[in-house]
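Participant: Using full-length UniProt numbering, you'd call the opening residue of the sequence shown number 1 and step up by one each time. Got a structure for you, questions after.
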Amino acid sequence: MQKKYLEIKDYLMERIRSGEYKPEQAIPAERELAAQLGVSRMTVRKAIEELMYEGLLIRRKGSGTFLTTAKSSKPDLLLEAGENAVKIVSCKLCSEGSYGYKMLGLDPSRSYWRLRRVRRIGHQPYAYEDIYFHPDFFPTVGREFYTKGLSRMAAESGYPDLTVYEDVEALLCLHNTALLLKVETGSPILQIKSYFSSGDQVMMFCRSYHPGDSYKYQSLRRPL
C-alpha cells in the first residue's frame, strides 16, 4: 500500500501542474492542508519535505512554503510524470568502477545498477543525479524508475522507512557536469550525497549536483 505522504505529494504536484500553485506564491499552510485532506500535519510536512528535496518547493521562515521559480518562459511545470522533465543519461548494470562498490559496500565480484539522469523544470536543468542501487535490494532497475524521486523509488520497492543521511558540499563544476546542467565550467554548484540505508547497510546511494545560482537547499527529515 502506498504511504499516505506520497498520496499527499501527488496531490500537491497536481496543483502545481494545473497552475493552481504559482511560482513565488505561498501554498496553503500545513495546518490548512491537513484539515482539508483529513491527515496529520506530520504527513503533510513529510510530503512537502519530499518536494523541497527535489527542488520544487522552498520554505521561507516566517513567510510560508513557496513554489520555486524556474528559469523558463513556459508557465507550466513538467515534473515527475512529464516526459520532458527527465533526461536519461544512462541506465546500466555495472561490473566495474571502484566508487560504486565503495559506496554500496559491495564485493567487486558483484554487479550493481547505476542510473544517471538530468531533472529539469521546463527546459532548465535543476539537478543531475548519479544513482547507485545495491543488487540485493534492487536486482533490476527499469523504466518505472526513470522519473521517480528517490524516496518514491525506495517506498515502491518495499522500503518506505529507510534512514537518509545527506552530505552537502559546494564545488566548482567540472566540464562534463557543466554540459549536463547547462552552466559554465568552473561555476559554483551544490553537491548532495544521499545515503539510503537500513541499519549499517546502504541500499541506495545518490550523488546529485545543482546549479549554485538557482538552488537553495533545506532539509528536515522526521520519521512518520
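Just so it is clear, CB atoms sit at the ideal spot from N, CA and C, and this is done for glycine as well. Quick caveat, the model's predicted, so the values are computed rather than measured.
(1) How would you write the range of the alpha helix (DSSP H) that Gly100 sits in, first residue to last?
(2) From Gly212, Met153, Arg41, Ala127, pick the residue whose C-alpha is nearest to that of His134; which is it?
(3) Please work out which residues of its chain come closer than 7 Å, Cβ to Cβ, to Met203, disregarding the five sequence neighbours upstream and downstream, and give them in chain order.
(4) What separation, rounded to the nearest whole angstrom, lies between the Cα atoms of Ile8 and Trp113?
(5) For Pro108, count the other beta carbons within 10 Å of its own beta carbon; 16 or more makes it buried, fewer makes it exposed. Which is it?
(6) Whether or not the stretch 33–46 and the stretch 2–21 are in contact is what I'm after, with contact meaning three or more pairs of Cβ atoms, one per stretch, closer than 8 Å; do they touch?
(7) What residue range is occupied by the uninterrupted beta strand (DSSP E) comprising Ala170?
(8) On the CB-based measure, 16 or more other CB atoms within 10 Å of its CB, does Asp167 come out buried or exposed?
(9) Between Arg119 and Ala85, how many whole angstroms is the CB-CB distance? I'm expecting something under 8 Å.
(10) Taking its Cβ as the centre, do 16 or more other Cβ atoms sit within 10 Å of Ile29, making it buried, or is it exposed?
(11) Under the three-state reduction of DSSP, which class applies to Glu80: helix, strand or coil?
(12) Closer than 7 Å by C-beta to Arg41: which residues in its own chain qualify, once you throw out the five before and the five after it? Chain order, please.
Facilitator: Taking the geometry as given:
(1) Following the DSSP letters along the chain, one finds Gly100 inside the alpha helix (DSSP H) bounded by residues 98–104.
(2) The option with the nearest alpha carbon to His134 is Met153.
(3) Excluding residues within five positions, the ones whose Cβ falls inside 7 Å are His134, Phe137, Tyr159, Leu162, Phe196, Ser197.
(4) Taking the straight line from one Cα to the other gives about 29 Å.
(5) By the neighbour-count rule (16 or more Cβ atoms within 10 Å), Pro108 is not buried but exposed.
(6) Because the criterion of three Cβ pairs below 8 Å is met, the stretch 2–21 and the stretch 33–46 touch.
(7) For Ala170, the uninterrupted beta strand (DSSP E) segment begins and ends at 163–172.
(8) Result: exposed.
(9) Contact flag correct, Cβ pair sits at about 7 Å.
(10) The sequence given here has Ala at residue 29, not Ile. It is exposed - the Cβ of Ala29 has fewer than 16 other Cβ atoms within 10 Å.
(11) Note on Glu80: pLDDT 42, under 50, position unreliable in the model; no value is reported.
(12) Only Glu30, Arg31, Ala34 meet the Cβ criterion.
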